[in-house]
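Residue numbers (the numbering used here): 116 to 400. The C-beta atom is built at its ideal place from N, Cα and C for all residues, glycine as well.
Structure below.
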């Protein structure tokens, strides 16, 4: 495993590929950030959940990135420590866990073993970079461990990783404008919390018309779920458009704004979201 680093930092280099510039600093979900809407609890979900749950929503770890191999593994370990410290009922990874199909096998095995060792359910939604999880000829396609599930269904897949929690998502098999990550979302279950996952770029339909994996404002507004865990944009961001609270968690290695999101699902308070900084150790250049 790569040796970690010589200096502890919040990070000074960014992994490219984000569609939006990083938001300076980390702000409470109750505050406005760089033009985002103010986060409010989801009134539609109050009383629907049955029991309170805490989720750690992460995305865009890009493990195996050639320019920052030590930093991304360091951030990954920090993310697992955070999941333990908040006693997360589940970890949701909303795409781009890995950077490419060229990630060494030992790194993939280390990641899955570490997830398994975290002792809590993990749901991984493959993003456009996660080709080693989506290519049919990959040795890791269809990989499942007792605590780790990878969403694989082309038209979407539903899992129940924890008592009182249902998760649905569509993996990115083709990163094209015709693929809509939230299309085909099923009706919510009668009981418990319902969380959707998506990896793509939120827009109003007129912006970024030729970008792959679009998520339209109208699709967010129509979503019949409690929370939408998003990835692809490397910045913590509130993109709520309807009753379902929707956030990008940010990326784990993104300059001074390396974040994940702590999501609390409470029958009385509804859905609240809070950013959490992901510390990592970066290698000297």
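Asked                                                                                                                                                              : Found
By DSSP, does residue 300 sit in helix, in strand, or in coil?                                                                                                     : coil
Would you decide whether residue 260 is buried or exposed? Buried here means 16 or more other CB atoms lie within 10 Å of its CB.                                  : exposed
Mind checking who residue 362 pairs with in its DSSP beta bridge?                                                                                                  : 344 and 353
Hey, how far is the Cα of residue 299 from the Cα of residue 281?                                                                                                  : 16 Å
May I ask you to list the residues that DSSP assigns as paired with residue 221?                                                                                   : Note: residue 221 sits in no beta bridge, so no partner.
Straight-line CA distance for residue 221 to residue 214?                                                                                                          : 15 Å
Short of 6 Å in beta carbon distance, which residues of its chain neighbour residue 236, apart from the five on each side in sequence? Order them along the chain. : 205, 262, 276 and 277
What runs of the beta strand (DSSP E), each 3 residues or longer, lie entirely inside the stretch 199–281?                                                         : 205–208, 237–239, 263–265 and 272–277
My understanding is that residue 171 touches residue 377, with C-beta atoms under 8 Å, so please give their C-beta distance in whole angstroms.                    : 6 Å
Going along the chain, which residues of its own chain have a beta-carbon closer than 6 Å to the beta-carbon of residue 411, five neighbours each way excluded?    : Only positions 116 to 400 of the chain appear in the structure, and residue 411 is not among them; the question remains open.
Note down, in chain order, each residue of its chain lying with its Cβ closer than 7 Å to the Cβ of residue 374, except the 5 sequence neighbours on either side.  : 141, 351, 364, 365, 390, 391, 392 and 393
In terms of alpha-carbon separation, which member of 183, 194, 174 and 227 lies closest to residue 347?                                                            : 174
Terminal residues of the continuous alpha helix (DSSP H) containing residue 333?                                                                                   : 332–337
Please classify residue 71: is it buried, with 16 or more other beta-carbons within 10 angstroms of its beta-carbon, or exposed?                                   : Residue numbering for the chain in the displayed model covers 116 to 400; residue 71 lies beyond these limits and cannot be assessed.
Which of the three DSSP states, helix, strand or coil, is assigned to residue 377?                                                                                 : strand
Helix, strand or coil: which one does DSSP assign to residue 184?                                                                                                  : helix
DSSP three-state label for residue 197, please.                                                                                                                    : helix
Excluding five sequence neighbours on each side, which residues of the same chain lie with their C-beta closer than 6 Å to the C-beta of residue 179?              : 213, 214, 218 and 222
Would residue 242 and residue 210 be called neighbours here (beta carbons separated by less than 8 Å)?                                                             : yes
Among 340, 246 and 182, which one has its Cα closest to the Cα of residue 357?                                                                                     : 340
For residue 303, count neighbouring Cβ atoms within 10 angstroms of its own Cβ and tell me buried if that reaches 16, exposed if not.                              : buried
Quick one: grab the DSSP three-state call for residue 191.                                                                                                         : helix
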